[in-house]
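Encoded as structure tokens, the structure appears first; notes follow it.
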Amino acid sequence: MSESNEIDNLLHESRRFPPSDEFRAQAVAKADLYTTADADPQAFWAEKARDLHWHTPFTQTLDWSNPPFATWFDDGELNVAYNCLDRHVLAGNGDRVAFHWEGEPGDSKTFTYAELTAEVKKAANLLTALGIRQGDRVAIYLPLIPEAVIAMLAVARLGAIHTVIFGGFSAESIRDRVNDAEASLVITADGGYRKGRAFPLKPTVDKALAPDEAGQATTVKKVLVVKRTGDETSVAGWQEGRDLWWHDEIAQVDSEHVAKPFPAENPLFILYTSGTTGKPKGILHTSGGYLTQVAFTHKNVFDLKPETDVYWSTADVGWITGHSYVVYGPLANGATEVIYEGTPDTPHPGRWWEIIQKYKVSILYAAPTAIRTFMKLGRQIPQQFDLSSLRLLGSVGEPINPEAWVWYRDVIGAGKTPIVDTWWQTETGAMMISALPGITTLKPGSAQIPIPGIAIDVVDERLHSTGPDQGGLLVVTQPWPSMLRGIWGDPERYVDTYWSKFGPTTYFAGDGARRDKDGDIWLLGRVDDVMNVSGHRLSTAEIESSLVSHPMVAEAAVVGASDETTGQAVVAFVITKASHADDAAKDDAAAVLRAHVAQQIGAIARPRQVFIVNELPKTRSGKIMRRLLKDLAEGREIGDTTTLADTSVMTAITDTMR
Ligand code: PRX
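Residue numbers 135 to 792, in our numbering, belong to the letters of the sequence shown in order.
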């Protein structure tokens, strides 16, 4: 589907779902949120920040005197972990369940707030014993097990900085991130469970930390290893002096730990995400503003009643959703959550629905890709389970098509639950656009309106607001509390990437959007060379550079082609070197290259298709015209080729693809 087709289809989406009186009457969010926030956004956020516990109250709200470098609540001091743990115990809620954890093989564990606090205190003492201090970087490469949450909170409790690396990433990806962040400690596990099998993690860390070809070691001094699978082959590379078992070490530390205050702008975490170049960006988030916005949005967008709701976000902690809406938002609000280690279809395709039935989940937050996969499998699977506990559904990570939205509401939400489609990014830290349940009349396919206190516009290239139903670029026109504070170690790239297109006070999100006549926002996908595969960001440049690192490849161009299930899929066009003509001619050449990318970056980056071609379409100045390749990959008629240096190239490529 071309972009203009997409706009047309969405323009014709006219279904409306106003909130029921029953929902409205009990809703957390009240309409006056918008009026209060509009009247004075800074005062609004300051009031929300005061819902947190401050060891030292702040007197300043925002400093935007040196844009795009912002500070929020700068002279205040707090401890993020204390806000997520101790304060709930002190308020008498120690017996409330913080989370029910469900392992893929069927093992499970429940932690109350008192128990989770106790575990985090021990882990903080352990990290202190290993030399971790304020500002130190700790890499976390774990499956979705309780220790992942405990480790993140323990790092936060010490004012240190975590960088969580998704368990599907390769040794090269870990190495790049560890080097860029100059991490001194890695926390990993022997392995985890996925799709019914134990998979090893520790050997990948061993490989990542081995000296490189130049004999250069990383900055990592210690590796803490959680025993999850018990697979001894995973720990065959054990290095005495460097590697330590989590359970051995934690048994030896004190159980008391007093949380110290840290400045509001103390860094909390770095999370690497793909951009338009080959090198992932270390997105930096800090403490007070971040926690304020994740807690506020989690409470109001999900209509959270911490005493009665059971909330489940299916995201992994390796992504921003796992940081903001598995760890920090829900725990800051004293919510009861479900955390599930494995895949939705193991050991049977109804696993998610079985978990909802088991824990009586009332709020579910998931990605459109998963919804579309379930849609394909058919409603008879969820219908075997009791989903009557669900009262609110959320969507995140990519545009949700109206058809999937309506299916989600009808089949999973019994035709009555509100759906909140939440637009935000790793960089924004927290939700920026969403309906508020109980207030907003819902429109399937639209993320709808800015969160109270957030200023969004849709503009043309000259920063003029576009008219109703016209496509444009999404921008944020005022600073917000959970905004990224920079790219780790690269302030210039921070300015260039987000704040140069429209000047230093307008944040360019990289997404296309349109606003309808009511002012509701409809997201239209990325406008840059970033792809969105199953709600995960991938960079065309990163995959291209991985492809050209293979000896067979001379040149590569990658595009994100639309895909019914995953939103977009990676499609690569590759020119091979004459010297490797024999290898390239082999039937499995494409498979070799697909595997190469998976091995270098991680399985999520594996191209759906690799086409070996003789030429790539280029402009006279030598720029690859990805737009044309995208047309081909999506099976569409090829667009305007007049700027091509050689117009016969497209015919030649089409011939090789047959
Ligand atoms: O293109 C937008 C898309 O995901 C991008 C951000 O990706 P990431 O940083 O990995 O964060 C994903 C989880 C927040 C955005 O630039 N995106 C995210 N949510 C939506 C979305 N596109 C449309 N609708 C959404 N609700």
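Just so you know, even glycine gets a beta-carbon here, dropped at the ideal spot from N, CA and C. What you are looking at is a predicted structure, and each value in this text was computed from that prediction instead of being measured.
**OP:** With Asp765 as the anchor, note down where its alpha helix (DSSP H) starts and where it stops.
**Re:** Arg760 to Ala767
Original post:
Of the residues Thr169, Trp179, Arg331 and Ala285, which one's Cα is nearest the Cα of Gly237?
Top reply: Arg331
Original post:
Could you give the residue range of the beta strand (DSSP E) that holds His296?
Top reply: Ile295 to Val298
Original post:
Beta carbon of Arg649: closer than 7 Å to some heavy atom of the ligand PRX?
Top reply: no
Original post:
Who's in the neighbourhood of the ligand PRX, going by beta-carbon under 7 Å from any heavy atom, listed in chain order?
Top reply: Thr407, Trp453, Ile454, Thr455, Ser529, Val530, Gly531, Glu532, Pro533, Ile534, Asp555, Thr556, Trp557, Trp558, Gln559, Thr560, Glu561, Ala581, Ala643, Gly644, Asp645, Leu657, Gly659, Arg660, Asn666, Gly669, His670 and Arg671
**OP:** Taking the CB atoms as reference points, tell me whether Ile655 and Ser580 lie closer together than 8 Å.
**Re:** yes
Original post:
Gln427: buried (16+ other C-beta within 10 angstroms of its C-beta) or exposed?
Top reply: buried
Original post:
Using the C-alpha atoms, what's the distance from Val682 back to Val747?
Top reply: 14 Å
**OP:** With a cut-off of 8 Å on the beta carbons, I'd call Pro552 and Leu576 a contact; round off their distance for me.
**Re:** 6 Å
Original post:
How close, in whole Å, do the beta carbons of Asp209 and Thr251 come, if the pair is a contact with beta carbons under 8 Å?
Top reply: Wrong, their Cβ atoms sit about 28 Å apart, outside the cutoff.
Original post:
Within the chosen definition, does the region 217-232 reach the region 314-321 through at least 3 CB pairs nearer than 8 Å?
Top reply: no
Original post:
If you draw a straight line from the C-alpha of Tyr462 to the C-alpha of Arg754, how long is it?
Top reply: 50 Å
**OP:** Just mark Thr565 as buried or exposed, buried being the case when its beta carbon has 16 or more other beta carbons within 10 Å.
**Re:** The sequence as given places Met at residue 565; Thr does not occur at that position. Buried, by the Cβ-count rule.
**OP:** Enumerate in chain order the residues of its own chain whose CB-to-CB distance from Met135 is below 7 Å, with the five nearest sequence positions on each side excluded.
**Re:** With a pLDDT of 38 at Met135, under the threshold of 50, the predicted position of this residue should be treated as unreliable, and no value is reported.
**OP:** Compare the C-beta of Trp541 with all C-beta atoms of chain D and state if any pair is closer than 8 Å.
**Re:** Note that chain D does not occur in the displayed structure, where there is just one protein chain.
Original post:
Using 8 Å as the threshold, is the region 340-354 in touch with the region 477-492, meaning 3 or more CB pairs across them?
Top reply: no
Subject >> Boundaries (first-last residue) of the alpha helix (DSSP H) holding Arg742 >> reply: Note, Arg742: premise wrong, no alpha helix (DSSP H); not H, not E.
Subject >> C-beta atoms of Phe203 and Gly423 nearer than 8 Å >> reply: no
Subject >> Whole-angstrom distance between Thr785 and Gly456, CA atom to CA atom >> reply: 45 Å
Subject >> Straight-line Cα distance separating Thr448 from Ala589 >> reply: 28 Å
Original post:
Where DSSP assigns a beta bridge to Leu319, which residues make up the other side?
Top reply: Val272 and Lys356
Subject >> Euclidean distance between Cα positions of Arg673 and Gly301 >> reply: The residue you asked about is not Arg; residue 673 is Ser in the sequence shown. Each residue's alpha carbon lies about 19 Å from the other.
Original post:
Can you tell me the Cα-Cα spacing of Arg271 and His296, whole angstroms?
Top reply: 6 Å
Original post:
How many angstroms separate the CA atom of Thr205 from the CA atom of Pro478?
Top reply: 40 Å
Original post:
Counting Cβ pairs closer than 8 Å, one from the region 438-452 and one from the region 492-499, do we hit at least three?
Top reply: yes
Original post:
From Ala305 to Pro613, what distance separates their C-alpha atoms?
Top reply: 36 Å
Subject >> Nonlocal neighbours in the same chain, by C-beta distance under 8 Å from Gly325, ignoring five residues either side >> reply: Pro277, Ala332, Phe333, Pro334, Leu335, Lys336, Arg362, Thr363, Asp365 and Ser368
Subject >> Neighbourhood of Glu137 by C-beta distance below 8 Å, restricted to the same chain and skipping five residues each side >> reply: For Glu137, the pLDDT reaches just 48, beneath the cut-off of 50, and the residue's location in the model is therefore unreliable, leaving the point undetermined.
Original post:
DSSP three-state call for Leu727: helix, strand or coil?
Top reply: helix
Subject >> For Pro175, the three-state DSSP class (helix, strand or coil) >> reply: helix
**OP:** Starting from the C-beta of Met509, find all residues in its chain whose C-beta is less than 7 Å away, skip the five residues before and the five after it, and write them out in chain order.
**Re:** Ala538 and Trp541
**OP:** State yes or no: is the C-beta of Leu521 within less than 8 Å of the C-beta of Ile490?
**Re:** yes
Original post:
With burial defined as no fewer than 16 other Cβ atoms inside 10 Å of the residue's Cβ, what is the status of Arg311: buried or exposed?
Top reply: buried
Original post:
What is the DSSP secondary structure of Phe403, counted as helix, strand or coil?
Top reply: strand
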